[in-house]
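This report concerns only the one structure given below.
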Amino acid sequence: MATLDSRRVSRAGRWLDVRRRRLGMWAYALNRITGIGLVVYLYLHLGILSLLTRGQSAWDSFVSLARSPFYLALDVILLAGILIHGLNGMRIALTGCGIGVGAQKAIFIVLMIVGAIALGVAALKIFHI
Amino acid sequence: MIENPFAEEPKPTAAWLWQVFTGVGLVILLGLHFIANHFVAKGGLRDFAEVVAYLRNPVILCLEVLFLLCVTTHALLGVRAIILDFGLSERTERRLDRVLKILGILTVGYGLMVTIMVIR
Amino acid sequence: MGNVGAEKEKLEIAPHVIIIGAGSTGSATAHDLTLRGLRVTVIERGEVAFGTTGRNHCLLHSGGRYCVTDRESAIECIDENMILRKIMPDLLELNDGLFVALTEADLAFKERFLEGCAACHIPATDISVDHALAIEPFLNPKILAAVRVPDGVFEPFRFCLAFLATARENGAVVRTYTEVTDLLCSAKNVTGVKIQDHRTGKKETLDADLIVNAAGPWAGEIAAKAKVTVPEIPTAGVMVALDCRLNNMVLNRLNKPSDGDIVVPQRATSVIGTTSWVVEDPDLITIPAEHVDRMISQGEQLIPAVRKVPMRAKMAVARPLIAKSGTDARDVSRTFECFDHERDGMNGFVTIAGGKTTTARAMAEKVTDIVCRKLDVRAECRTRDTLLASYRLFFQQSDPRNGSSVSSG
Amino acid sequence: MNMLKVPLQIFRHKPGQPSRYDTFTVEIPDSAHVIDAIDAAWAVHDPSLTFRRACHHSSCGSCAIRINGVEKLPCITKLSDVWDGRTPLRLDPLRNFPVVSDLVVDISGFFQRMSAAEMAITCEAEAFLPFTVDRFAVAELEPKAVELPADFSRFNRFEQCIECGICMSACPTMAADERFLGPAGLAAIYQARHKTDDSRKVAHLLGLADGEHGVWRCHSAFECTEACPQAVDPAGKIMALRRELIARRFSKLWGK
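Protein chains in written order, with my numbering: chain C, 153 to 281; chain D, 2 to 121; chain V, 2 to 410; chain U, 30 to 285.
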């Protein structure tokens, strides 16, 4: 039976090593980091929703907590993760279907610019409630 | 003759395709979820009464359930891809699939349970 | 499958032959010897085709190049050309070649060339200049004549791998990165080799019933260890590879062999060759800048666009030419020769030298005939029509003596 | 001809011993390629240095290594393009392969993958010249159509892929998943698939790629395509295989 020996673990960690690598590698590493972050967030989110089952006061006190600037900043980070992952996901889906394969770097750059603009707009909206 | 594991046809897989389908679904559903829950709602979050009213709308309820299915599938397929990169044996791979399936069912089940408890 | 055991047993009692060098000659010899039932170990100090064979012009000679000046070589070439097409059909670019006349002197040479081709049974067709230019649009439009011959192109590394993969299938042991440091000699016999495996640093001795010295331009160095000589002149040549492929057919200058008289297309490049000068140490050849310039200016005469294309690579390597008469490297015969050192008072030691990759199989046949005669093995040569195994097998064949690999950092 | 003194920092490994870097200073012409520098280190300084090479013109694919961390063919890499004139030039063996000794790696896994598709090493040559893998190389040349001799149905040439292993070293997925078919293996399947019309063969070839460790394992980093010295574009071919496999799956769904 194959075990996870140290060599294999160090091999598996290499996807993070973007030194001297090109843009596609950055896209891949970013996609993974945000992906892992979003999975963690998903389960945190689901956990917090359990407050709803404990009735009105539990939820509403959370809502007022979540309106603090600290939580709003976290929301911006979350949104950044979603935008990077979602927009890069579009690049992967498109190229995987044979669309825009030769222009994958340009697609990535354009999508990230779109993401940055969207994030800026959303951040303004989040903090100017 | 030299054995070559790469010269045998493997079992076809649709995991990547499902990842893309659910990903496309998420772009739409997450967009709606976000707008409805955080941007339309005043103050960026609904209070308890608003949440209950919101979820009692059958169209919204369907969309949110669909969203739950998509996000769970997408997330667990992603986790699977990362774990597969550790180079598992076929048996461990099958075991992983089973664990993730159970986790997925539990996640969706939990989400549905919370929803039902809220709208009741 | 029942006689695998019997075959193995037969191999274990067969005489053991060590081949020094895994270039084209050594590789083809390993193939021939194993087919004739001998036990074979190939010792190579580098990778397969590390030496002369690797840095090859890749030309599968039709023999046209030699049909006027060296008919013996020309006939060898056309015969082997046709055999290689049969035994390694997938490993060749078969687009033929053109001999083109650029000057009146070239044109005057045409008659002799066609006669030579006919005498050597090289199928040669005089084609119109217009036709030649349509086939090869980058050919110098000022050419005066063109003759088509069955030249071809091979890939020297895979050429050797195919022979060695087949030899391994038949039981040969191939030890790369292993250098012969000395020969084991008694008063009148060479009985084995001292070797060092550069991968492990381990030294050992190997006994053999006979040793074949196929070390190319290093054959003299090896022979000296048995205190015998080989009349070889290591002669270097410079080749220049371009960043693109400008021709599909091999383009030759229609005249006597001279510097920069050929442009060989291969893969995504065209390779211009070659110059010729005698070198002292075949291990360390510095490429003279003026030779590179000469290649470009000579190549430009055949294909004017040569100068507009960046250079992809340049290489030089010593070729093992055999000294016969005269001192000019160009006058030395391009044929090969087998030296049984029994006549020098050293038995069990044979050197195969000279020749070119195109004729490697014939060289192997000749040396194997001698080895078999000396070892009293009666077996016919079968390499003329034995299809070679896939070169891709070579790196997948496990060799118990090749050592285990370690994990990467 | 100007001579340079170039310090080379070469990865050294012999079985059973700890790995280290050795630095050799070699004297070579400024027009030399990196392979010439390695050659000099071996010929002048240390005959126990093991490295692979054969053709010196990017046809055999044997010399591939990492130069300052990036996969390259030292035979076509000019020293002046990679050496800054001061820092030792670092030479490492390819990644994702077991190291046999020094710069030599065990490439059996690569050839196993290449053997799967049984791709022929030759292919049909283009109907025009010049042909290049470097689109900047022929900036000054207009492509010209090639006429075939009457008795020829085609000109042929060797495949672009020189089986050097660079793509497998550059691939982040390959770094982790040892069962991945890899960029070159998948590109070979694509090439073989486009050399045949036999529907059974096509189905077999596509079947080879359609697995958990086939085309779907690729994470679209495109490192293989970036690193390939022969413009094989393995990532592009992986994407093309995905497209065909998706199309087939859908047409099956629609019952065609």
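All C-beta atoms, glycine included, are put in the ideal place defined by N, C-alpha and C. No experiment lies behind these values; they were computed from the predicted model shown.
Supposed close pair residue i, residue j - CB separation, criterion 8 Å
i: Ala314 (chain V); j: His62 (chain U); result: 7 Å
i: Asp210 (chain V); j: Leu36 (chain V); result: Not confirmed; about 17 Å, so no contact.
i: Leu108 (chain D); j: Trp19 (chain D); result: Contrary to the premise, residue 108 (chain D) reads as Thr rather than Leu in this sequence. That belief does not hold up - the Cβ atoms of Thr108 (chain D) and Trp19 (chain D) are roughly 16 Å apart, past 8 Å.
i: Glu100 (chain U); j: Ile195 (chain U); result: 4 Å
i: Glu366 (chain V); j: Asp80 (chain V); result: Wrong, their Cβ atoms sit about 11 Å apart, outside the cutoff.
i: Pro122 (chain U); j: Val134 (chain U); result: 5 Å
i: Ile20 (chain V); j: Thr30 (chain V); result: 6 Å
i: Thr106 (chain U); j: Asp244 (chain V); result: Thr106 (chain U) to Asp244 (chain V), Cβ: 13 Å. No contact.
i: Asn125 (chain U); j: Ala204 (chain U); result: 6 Å
i: Ala199 (chain U); j: Ala174 (chain U); result: The pair is not a contact, with the Cβ atoms about 36 Å apart (cut-off 8 Å).
i: Leu270 (chain U); j: Leu215 (chain U); result: 6 Å
i: Thr54 (chain V); j: Thr358 (chain V); result: 6 Å
i: Thr202 (chain U); j: Arg246 (chain U); result: 6 Å
i: Arg277 (chain U); j: Leu235 (chain U); result: 7 Å
Contacts of residue i in chain U (Cβ-Cβ under 8 Å)
i: Ala16 (chain D); result: Glu241, Trp245
i: Asp284 (chain V); result: Ala72
i: Ile136 (chain V); result: Val175, Glu176, Leu177, Pro178
Interface partners of residue i on chain V, CB under 9 Å
i: Phe279 (chain U); result: The contacting residues do not exist; Phe279 (chain U) stays about 35 Å from chain V at best.
Assigned exposure category for residue i - 16 Cβ within 10 Å defines buried
i: His17 (chain V); result: buried
i: Pro232 (chain V); result: exposed
i: Pro157 (chain V); result: buried
i: Phe288 (chain U); result: Since the first residue shown for chain U is 30 and the last is 285, residue 288 (chain U) is missing from the structure and cannot be characterised.
i: Asn58 (chain D); result: exposed
i: Asp86 (chain D); result: buried
i: Val241 (chain V); result: buried
i: Lys277 (chain C); result: exposed
i: Asp65 (chain U); result: buried
i: Trp283 (chain U); result: exposed
i: Asp239 (chain U); result: buried
i: Asp127 (chain V); result: exposed
i: Arg402 (chain V); result: Unreliable placement is indicated for Arg402 (chain V), whose pLDDT of 45 sits below 50; the coordinate value is still reported in the next sentence. Classification of Arg402 (chain V): exposed, given that the 10 Å Cβ count is below 16.
Local conformation of residue i per DSSP, three classes
i: Trp278 (chain V); result: strand
i: Ser209 (chain C); result: helix
i: Ser130 (chain U); result: strand
i: Asp183 (chain V); result: strand
i: Glu65 (chain D); result: helix
i: Phe40 (chain D); result: helix
i: Thr328 (chain V); result: Residue placement at Thr328 (chain V) cannot be trusted, given a pLDDT of 49 that sits under 50; what the coordinates show is reported in the next sentence. If DSSP states are grouped into helix, strand and coil, Thr328 (chain V) belongs with coil.
i: Arg385 (chain V); result: coil
i: Asn82 (chain V); result: helix
i: Leu99 (chain V); result: strand
i: Pro221 (chain C); result: helix
i: Asp227 (chain C); result: helix
i: Phe395 (chain V); result: helix
i: Asn253 (chain V); result: strand
i: Ile371 (chain V); result: helix
i: Ser271 (chain V); result: strand
i: Cys253 (chain U); result: helix
i: Ile123 (chain D); result: Since the first and last residues shown for chain D are 2 and 121, residue 123 (chain D) lies out of range.
Residue i: contacting residues in chain U (beta-carbon distance under 7 Å)
i: Thr287 (chain V); result: Pro58
i: Tyr357 (chain C); result: Residue 357 (chain C) lies beyond the stretch modelled for chain C, which goes from 153 to 281, so this question has no answer here.
i: Leu8 (chain D); result: For the record, residue 8 (chain D) in the displayed sequence is Ala; it is not Leu. Under the 7 Å cutoff, chain U gives Ser144, Ala145.
i: Gly88 (chain D); result: Ala205, Asp206, Glu207, Arg208
Proximal chain U residues relative to residue i, where beta-carbon distance stays under 9 Å
i: Val310 (chain V); result: Pro159, Thr161, Ala166, Val167, Glu169, Leu170
i: Cys245 (chain V); result: Leu158, Pro159, Phe160, Thr161, Val162, Asp163, Ala166, Val167, Leu170
Chain V contact residues for residue i, given Cβ-Cβ distances below 7 Å
i: Arg286 (chain U); result: Given that chain U is displayed from residue 30 to residue 285, the structure contains no residue 286 (chain U) and the question cannot be resolved.
i: His86 (chain U); result: Ala242, Thr270, Val272, Arg313, Ala314, Met316
Where residue i meets chain C, residues with beta-carbon distance less than 8 Å
i: Ile106 (chain D); result: Per Cβ cutoff of 8 Å: no residues; Ile106 (chain D) is ~14 Å from chain C at best.
Interface partners of residue i on chain D, CB under 7 Å
i: Val262 (chain C); result: Chain D residues near Val262 (chain C): none, gap ~16 Å exceeds 7 Å.
Residues that residue i contacts on chain C, provided the C-beta gap is smaller than 9 Å
i: Met197 (chain U); result: Per Cβ cutoff of 9 Å: no residues; Met197 (chain U) is ~13 Å from chain C at best.
Residues that residue i contacts on chain V, provided the C-beta gap is smaller than 8 Å
i: Gln141 (chain U); result: Gln397
So within the region 169 to 231 of chain U, which uninterrupted beta strand (DSSP E) runs reach at least 3 residues, ignoring any that extend past its ends?
Complete beta strand (DSSP E) runs here, min 3: 185 to 187.
What are the complete beta strand (DSSP E) segments, minimum 3 residues, inside the region 142 to 172 of chain V?
You should have 146 to 150, 153 to 155.
Taking only runs of the alpha helix (DSSP H) that begin and end inside the region 277 to 314 of chain V, which ones reach a length of at least 4 residues, in chain order?
The region 277 to 314 of chain V is shown to contain whole alpha helix (DSSP H) runs of 4 or more residues at 290 to 303, in chain order.
If you scan the region 2 to 65 of chain V from start to end, which runs of the beta strand (DSSP E) of 3 or more residues do you find wholly inside it?
17 to 21, 40 to 44
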